[in-house]
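Only one structure is covered here, and it is reproduced in the block below.
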Amino acid sequence: MKTDASQSSASDEQLVEAARQGDMGAFEELVARHRDKIYARAFSMMRNEDEAVDLSQEAWVQSWQRLNQFHGESSFGTWVTRIVINLCLDQLRKRKRQRTESIEEMDEETGGVERQMPAVTVNPTERLERGELRKKIDAALEKLSHEHRTVLVLHEFEDLEYKEIARTMDCSIGTVMSRLFYARRKMAALLADLKTEELR
Amino acid sequence: MNEEAQFKLQAYLDGELPAGESAGVQEWLARDPEARALLAELQNTNAALAGHEAEVKLPETRDFFWSKIEREIGRQSVAATAPSRKSFWARWGWRGLVPAGGFAAVCLLALHLANPGAASAEFVPELELASDDMGAYTYRNQEDGLTMIWLYDRSSAAQSAQSSTPAILASK
Amino acid sequence: MKSIRVKCLFWAIVLLISMIAGGVARAADSLPVQMQLIWATNEPKSPDPKHKPVEADVAKLLENTPYRWKYYYEVHRRVEDVPGDRSLEKIVMSKHCALDIKYLGNHSGLERVQVKLYGDDKLVSMHKETLPLLLAGNAQNGTAWFVLIRKAPPGAKADEAKTN
C-alpha cells in the first residue's frame with residue numbers, strides 16, 4: 085500500500101484521525117514515521133533483533149486496534165512506545181517465570197558487588213567521542229540484567245518518574261529506587277572498564 | 072553510608088525528593104566528601120546516558136514491515152467479526168428442541184465426515200519451522216495475491232550474509 | 005408436531021448422505037500445480053547453460069516482492085496433478101531440494117495447499133497457504149533461491165516437457 089503526498093505532509097494528529105475512520109494509508113504513514121523509534125525501544129529492552137521486530141510489529145497491530153483509546157494526552161509516538169514497552173515487559177516476565185532465580189538476580193535488589201564499590205571518579209564523557217561513547221553504552225547495556233536495563237531505559241531514555249516506572253514494572257517505588265541505583269553503579273563500572281573482580 | 076542515604080542522594084539528583092528535604096541533602100553534601108563523590112559518579116553516568124542511546128534502525132524495508140502488520144490486522148479483524156446467529160429460542164422454543172437438536176448433531180457428523188480438516192469456516196495460514204535456528208518473514212501482495220515466505224538462519228549475524236540453512240539450489 | 009419432527013429427521017438423513025457423497029467427491033479433487041525452482045542474481049549470465057530466464061509473468065510476480073535482484077533464472081520446473089486425499093511426496097526440484105505437496109481445496113476462490121520443503125533430505129518448513137506461494141531464502145554470494153508454487157497455467161504440462 086502506498087501513501088499519497090498529502091499524507092506525508094499531514095500531522096500525526098490528522099493521520100490518527102484519518103486512521104480512526106479506517107484509512108489504512110494514514111496508519112501506514114504513521115508506522116513509517118515512528119517505526120525506527122518503536123523498534124529501537126524494543127531492541128534496547130530485549131537486546132535481540134528478531135524479538136524486537138516481532139514485538140514492535142505486535143505493538144503496531146495493538147495500536148491500530150486501540151486507536152479510539154488514544155486521546156492525545158501524549159504524542160502518538162510516545163503512546164505507541166508505551167505499548168511496546170508493556171509488550172516487552174510481558175515477554176520478560178514470561179521468561180522469568182520459566183527460569184529459577186539465580187544469585188545474580190537476587191543481587192539486583194541488594195546490589196551485589198556494587199554495594200562495596202567506591203565511587204567511580206572517571207567521567208566517561210570526557211574520554212570518549214560521541215560515536216565511541218554510544219557504542220560503549222550499548223555494550224554496557226547488553227551486560228546488564230533485564231531488570232536493571234529496563235529501569236535505566238525507562239528512567240534515562242523515556243524520562244519516566246519513579247512512580248510511573250513502578251506502575252509500568254509492577255513493583256514498589258522502593259524496588260525502583262534500588263534497581264535504578266545499582267543499575268547506575270554497574271553502568272559506571274562498565275563505562276570505566278572496571279572489572280568486577282577488582283572491586284572485591 | 073547506608074542504603075537509605077544512598078537512595079536519598081539519588082532521589083535528590085532525580086528531583087524526586089519530598090518537598091523540604093533538598094536543603095538537608097545540600098548541607099550533608101557540603102560536609103561529606105564521600106557523598107559528593109557518589110553524587111558525582113551518579114551525575115557522570117546520567118550525563119553519559121543522556122542523548123547517547125545507540126541509534127538503531129528497523130532491519131526491514133518499509134513495505135515488508137508494513138505488509139506483515141497489515142496482514143495481521145486483517146487476520147485479527149476477520150477472527151473478530153464472526154457472523155452472529157439468531158436466537159434458537161426465538162425461532163423454535165422448547166417444542167423444536169428435539170428435531171432441531173437431532174438435525175444439528177447429524178449436520179455436525181456430516182461436516183466432519185465430508186471435510187475432516189476444516190474445523191473453522193475461515194482459512195488460517197500455518198507455518199512450522201523444523202528448527203529453532205530458523206526464522207521466517209511472511210509478506211503478502213494484495214494486488215496479485217502472492218504470499219512470499221522468506222526463510223533465514225537466525226544464527227547468522229546479518230541476514231543478507233551467507234546462510235547456513237540447508238542448501239536448496241544446485242541443479243539435478 | 006410429530007410430522008414436523010419426522011420430516012426434520014428425514015431431511016437430516018438426506019443431507020448426511022449427500023454431504024458424505026459430496027465430501028468423498030471433494031476429497032478426490034485434484035489441482036494441477038506448477039512448481040519452479042528459481043535462482044536470483046545480479047549477474048547477467050548464469051554459469052549453468054541449462055538455466056534460462058523466467059517468463060515475463062513470473063518476473064513480474066518476483067519484482068513485486070520486497071527483496072529484488074536483477075535477473076531470475078529457472079533452474080527446474082515440475083507440473084503435477086496434486087491430489088486432495090494424500091500428499092505427493094519428494095518432488096525433486098534439485099540435488100538438494102524436494103517438496104511434499106497436498107491440495108487442501110478451494111476457499112473463497114483461492115486454492116490452498118500444504119507444502120513441506122526439504123533441503124538435503126531434512127525437513128526445513130511446513131506451510132499451509134493459498135496460491136500463488138513463494139518460498140525463498142539466501143543462497144551463496146548474495147544470490148537467492150525461490151520456489152514458486154502456483155496453479156498450473158493452461159499448457160503447462162507441455163511446457164514442462166520442453167524445458168526439463
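Protein chains in written order, with our numbering: chain A, 85 to 284; chain B, 72 to 243; chain C, 5 to 168. All residues carry an ideal CB built from backbone N, CA and C; glycine is no exception. Small disclaimer: the values here were computed from a predicted structure and weren't measured.
Grab me the residues of residue i's own chain with a C-beta within less than 6 Å of its C-beta, minus the 5 sequence neighbours each way, in chain order.
| i | result |
| --- | --- |
| threonine 209/B | Ile220 |
| valine 151/C | Leu41 and Leu139 |
| methionine 97/C | Leu41 and His80 |
Can you name the start and end residues of the beta strand (DSSP E) that residue i belongs to?
| i | result |
| --- | --- |
| threonine 218/B | 218-224 |
| lysine 132/C | 126-134 |
| glutamine 118/C | 114-123 |
| glutamate 93/C | 92-96 |
| threonine 232/A | The sequence shown places histidine at residue 232/A, rather than the threonine named in the question. First-last for histidine 232/A: 230-236, but that is the alpha helix (DSSP H), not the beta strand (DSSP E). |
| arginine 150/A | Counting along the chain, arginine 150/A falls outside any beta strand (DSSP E), and DSSP gives it neither H nor E. |
| lysine 106/C | 101-111 |
Per the DSSP calculation, residue i is bridged to which residue(s)?
| i | result |
| --- | --- |
| phenylalanine 150/C | Ile42/C and Ala140/C |
| aspartate 85/C | Pro36/C |
| glycine 215/A | DSSP output for glycine 215/A lists no bridge partner at all. |
| alanine 224/A | Looking at the DSSP assignment, alanine 224/A forms no beta bridge with any residue, so it has no partner. |
| leucine 198/B | His131/C |
| glutamate 242/A | None; glutamate 242/A has no bridge partner. |
| lysine 139/B | In the DSSP output, where bridge partners are listed per residue, lysine 139/B has none listed. |
| lysine 128/B | For lysine 128/B, which the question treats as bridged, DSSP gives no partner whatsoever. |
| tyrosine 71/C | DSSP, once it has assigned bridges, lists no residue as partnering tyrosine 71/C. |
| histidine 155/A | None; histidine 155/A has no bridge partner. |
For the alpha helix (DSSP H) that contains residue i, what are its first and last residues?
| i | result |
| --- | --- |
| asparagine 115/B | 104-120 |
| lysine 121/A | 108-130 |
| threonine 259/A | 257-275 |
| aspartate 96/A | 96-104 |
| arginine 251/A | 246-253 |
| tyrosine 208/B | Counting along the chain, tyrosine 208/B falls outside any alpha helix (DSSP H), though it belongs to the beta strand (DSSP E) covering 205-211. |
| aspartate 61/C | 60-67 |
| arginine 89/A | Looking at the sequence itself, residue 89/A is alanine, so the reference to arginine does not match. Counting along the chain, the alpha helix (DSSP H) containing alanine 89/A begins and ends at 89-93. |
| tyrosine 83/B | 74-85 |
Within 8 Å (strictly less), CB to CB, does residue i reach chain B?
| i | result |
| --- | --- |
| valine 100/A | no |
| serine 129/C | yes |
| alanine 67/A | Lying before the first or after the last residue shown, residue 67/A is absent from chain A, which here runs from 85 to 284. |
| phenylalanine 292/A | Only positions 85 to 284 of chain A appear in the structure, and residue 292/A is not among them; the question remains open. |
| proline 136/C | yes |
| aspartate 134/A | yes |
| alanine 44/C | no |
| lysine 161/C | no |
| alanine 140/C | yes |
| lysine 49/C | no |
| lysine 155/C | no |
| phenylalanine 241/A | yes |
| lysine 132/C | yes |
| glutamate 226/A | no |
| arginine 116/C | yes |
| valine 115/A | yes |
| leucine 65/C | yes |
| isoleucine 167/A | no |
| arginine 218/A | yes |
Can you confirm whether residue i, when its beta carbon is compared against all beta carbons of chain C, has any partner nearer than 8 Å?
| i | result |
| --- | --- |
| isoleucine 239/B | yes |
| tyrosine 223/B | yes |
| glutamate 143/B | no |
| alanine 201/B | yes |
| proline 196/B | yes |
| isoleucine 220/B | yes |
Near residue i, what residues of its chain come up, given a Cβ to Cβ distance below 7 Å and the 5 sequence neighbours on each side ignored?
| i | result |
| --- | --- |
| glutamate 248/A | none |
| histidine 239/A | Ile249 and Leu264 |
| tyrosine 246/A | Ile257, Val260 and Met261 |
| asparagine 142/C | Ala148 |
Kindly list the residues whose CB is nearer than 8 Å to the CB of residue i, restricted to its own chain and excluding five residues on each side of it in sequence; keep chain order.
| i | result |
| --- | --- |
| proline 57/C | Ala63, Tyr75, Tyr76, Tyr77 and Glu78 |
| leucine 109/B | Met72, Gln77 and Leu80 |
| arginine 146/B | Val195 |
| methionine 130/A | Ala136, Leu139, Cys172, Gln175 and Leu176 |
| methionine 39/C | Arg81, Arg82, Val83, Glu84, Ile95, Met97, Leu103, Ile105, Val151, Leu152 and Ile153 |
Are any of the Cβ atoms in chain A nearer than 8 Å to that of residue i?
| i | result |
| --- | --- |
| valine 127/B | yes |
| threonine 116/B | yes |
| phenylalanine 78/B | yes |
| tryptophan 99/B | no |
| phenylalanine 135/B | no |
Interface positions of the stretch 68-81 of chain C facing chain B (Cβ-Cβ less than 8 Å), listed along the chain: Asn68, Thr69, Pro70, Tyr71, Val79 and His80
Chain-ordered residues of the stretch 204-218 of chain B with a beta carbon less than 8 Å from chain C: Met205, Ala207, Tyr210, Asn212, Glu214, Asp215, Gly216, Leu217 and Thr218
Near-chain B residues of the stretch 137-152 of chain A - C-beta to any C-beta below 9 Å: Val137, Ser140, Gln141, Glu142, Trp144, Val145, Trp148 and Gln149
Interfacial residues, the stretch 267-279 of chain A to chain B, with Cβ spacing under 8 Å: Arg268, Arg269, Met271, Ala272 and Leu275
Near-chain B residues of the stretch 98-110 of chain C - C-beta to any C-beta below 9 Å: Ser98, Lys99, His100, Cys101, Leu108 and Gly109
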